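K.L.:
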Amino acid sequence: MRYFVLLAALFMFGCGGDSSESTTTEDMKEAAEEMADEAAEAMDDAADSAGEMMDDAGNAVDEAADAIEKTAKDAMEKAEDVEDQLEKAKEDMDQAVDDATN
1105 MRYFVLLAAL FMFGCGGDSS ESTTTEDMKE AAEEMADEAA EAMDDAADSA
1155 GEMMDDAGNA VDEAADAIEK TAKDAMEKAE DVEDQLEKAK EDMDQAVDDA
1205 TN
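All you need for this note's numbering is the position in the sequence shown, starting with 1, plus 1104.
Have a look at this one:
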């Protein structure tokens, strides 16, 4: 990494020449600090994006859980309706048998 910073600094400020064009240690230090700041900002942005993605995923899980709960509730209500219909049919059949045998 330090070689990359050195190469970047040499590229940005020139690779030698006369003394008026030569880079100073302070210039190289500033360039390295700027690159470090940019890298830190990029990491912060990536962390923010990851946090937002995790929030979105959590919301999607919550929505899916709500949908599953609603579907299960609807299925239970339909099963209860079928049970009630079967009980009524049994009672009607028992009544028909009683009427036929009496």
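Ideal placement from N, C-alpha and C gives every residue a C-beta, glycine not left out.
Just so it is clear, the structure is predicted and the values come from calculations on it, not from any experiment.
Using the beta-carbon count (16 or more within 10 Å), is A1135 buried or exposed?
P.N.:
Result: buried.
K.L.:
Go through its chain and collect everything with a Cβ distance to A1171's Cβ below 8 Å, but skip five positions before and after it.
P.N.:
So the list is empty, once near-sequence residues are dropped.
K.L.:
From which residue to which residue does the alpha helix (DSSP H) around T1175 run?
P.N.:
Where T1175 is concerned, the enclosing alpha helix (DSSP H) stretches over T1129 to T1205.
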